[in-house]
Amino acid sequence: MSYRVIMKDGRTFRADKVENTAGFVIMFCWDGEKRYPAAEVAEICSTTLEDGLAFTALLVVVFIVTFILALIFLPGR
33 MSYRVIMKDG
43 RTFRADKVEN
53 TAGFVIMFCW
63 DGEKRYPAAE
73 VAEICSTTLE
83 DGLAFTALLV
93 VVFIVTFILA
103 LIFLPGR
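Put into structure tokens, the structure is as follows:
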């Protein structure tokens with residue numbers, strides 16, 4: 033599961049793992065570990081739902097395009 037961490041100054045980080053320990057937020061990102069005071073963090077969101085919605089939207093688009101192409105190219109009665 034991955035997380036999106038938004039800081040109060042507007043910076044956004046995407047982390048694989050987030051730990052909230054003793055007044056600090058520790059983010060494990062692809063480029064290493066980042067540690068910030070918890071008071072600087074505005075929001076921590078899980079991105080699993082967003083990834084799932086993007087996949088569902090892609091499936092809907094593929095279905096619609098396939099349906100329209102079938103209506104155009106299949107011979108009618």
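Note that this note's numbering gives residue 100 to position 68 of the sequence shown, counting from 1, and the numbers run on in steps of one.
Yeah, the Cβ is synthetic: ideal placement off N, Cα and C, and Gly gets one too.
Here's the rule I'm using: 16 or more other beta-carbon atoms within 10 Å means buried, otherwise exposed. How should residue i be labelled?
i	result
Ala70	exposed
Met33	exposed
Val57	buried
So residue i packs on residue j, CB below 8 Å; how close in whole Å?
i	j	result
Ile38	Ala74	5 Å
In chain order, what residues of the same chain have a beta carbon less than 7 Å from the beta carbon of residue i, not counting five sequence neighbours either side?
i	result
Ile76	Tyr35, Val37 and Val50
Cα separation between residue i and residue j?
i	j	result
Arg46	Gly55	20 Å
Val92	Pro107	24 Å
Ala89	Ile96	11 Å
Ala102	Val94	12 Å
Trp62	Asp48	8 Å
Thr53	Arg67	10 Å
According to the Cβ coordinates, are residue i and residue j closer than 8 Å?
i	j	result
Glu72	Lys40	yes
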